[in-house]
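Peer 1:
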Amino acid sequence: MLVATVFSGFGGQGVLSMGSTLATAAMLEGKYVTYLPAYGVEVRGGTANCTVVVSDEEIASPVASEPEFVVAMNQPSFARFQSILQAGGLLCANSSLVDTESARGDIEILAVPTSELAGKLGTLKVANMIMLGALIRASNMISYDAMLDNLEPILGEGKAKLIKVNREALALGYTYAKE
């Protein structure tokens with residue numbers, strides 16, 4: 010198994026954090042991982058993306074020219090990265106900000122209203138974790154239980170309130186993708 014995912018969106022949406030969290034969880038699960046972040050000219054509000062490759066074997070290159078999965082948290086990212094997604098691949102779109110009407114016909118779309126779902130938890134800051142939960146469910150790239158078990162070491166110990174809301178956000182996204 011070798012699975013490549015591109016995470017993309019505006020700076021400040023937690024795009025790089027999403028990729029880093031997935032990469033760390035996969036590593037803690039015993040998989041081989043590469044994580045390649047890229048920033049736009051500005052940081053907050055500018056563009057940000059990262060590529061995460063997860064494998065059962067050593068990885069030759071962190072570059073993903075045709076990823077199996079793309080996460081687009083905004084419209085410019087949707088427009089830019091759907092073109093590199095392999096045919097039959099899955100594009101997880103933040104339907105709170107992304108209109109998926111112009112999607113290619115040979116890819117699958119998982120539209121997740123992350124802002125609305127995050128509103129249910131009382132903070133938009135967890136929209137990225139909602140999307141990560143949905144991706145984990147849709148991809149089976151890593152074990153959901155392993156993600157939950159490793160969430161505290163990934164986010165940092167001593168942040169009980171953050172751990173709780175991030176667990177809830179992951180569960181909300183996972184459940185949404187399941188339905």
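Numbering follows the numbering used here, with no gaps: position 160 of the sequence shown is 169. Think of the CB as a built atom: it goes at the ideal place given N, C-alpha and C, for glycine as much as any other residue.
(1) In the DSSP assignment, find the unbroken alpha helix (DSSP H) run with I151 in it and report its ends.
(2) Helix, strand or coil for P85 per DSSP?
(3) Assuming contact is defined by CB atoms lying nearer than 8 Å, are A14 and V61 in contact in what I supplied?
(4) Let me make sure I understand the geometry here. Which of M82, E166, S152, G142 has the alpha-carbon closest to that of A180?
(5) So what's T109 in DSSP terms, helix, strand or just coil?
(6) Sorted by chain position, which residues of the same chain lie with C-beta nearer than 7 Å to V107's C-beta, five sequence neighbours on each side aside?
(7) How about M140 and S64: are their beta carbons less than 8 Å apart?
(8) Can you look up P46 in the DSSP assignment and give me helix, strand or coil?
(9) Look at the Cβ atom of N137, then the Cβ atom of V24, and state whether they are nearer than 8 Å.
(10) Determine the contact status of A96 and I116, defining contact as a CB-CB distance below 8 Å.
(11) Looking only at its chain, what residues have a beta carbon closer than 7 Å to the beta carbon of E177, apart from the 5 residues adjacent to it on each side?
(12) Is the Cβ-Cβ distance between A73 and L119 less than 8 Å?
(13) Sorted by chain position, which residues of the same chain lie with C-beta nearer than 6 Å to G98's C-beta, five sequence neighbours on each side aside?
(14) If we ignore side chains and look at the alpha-carbon of each, how far apart do M36 and V42 end up?
(15) Return the first residue and the last residue of the alpha helix (DSSP H) that V24 is part of.
Peer 2: With the given structure in hand:
(1) Careful: I151 lies outside any alpha helix (DSSP H) and carries neither H nor E.
(2) helix
(3) At residue 14 the sequence reads Thr, which differs from the Ala that was named. In this structure, V61 lies closer than 8 Å to T14 by Cβ.
(4) G142
(5) helix
(6) The beta carbon of V107 lies closer than 7 Å to those of A81, N83, Q84, F87 in the same chain, with the five residues before and after it left out.
(7) no
(8) strand
(9) yes
(10) yes
(11) L130
(12) no
(13) E77, I116
(14) 6 Å
(15) 24 to 37
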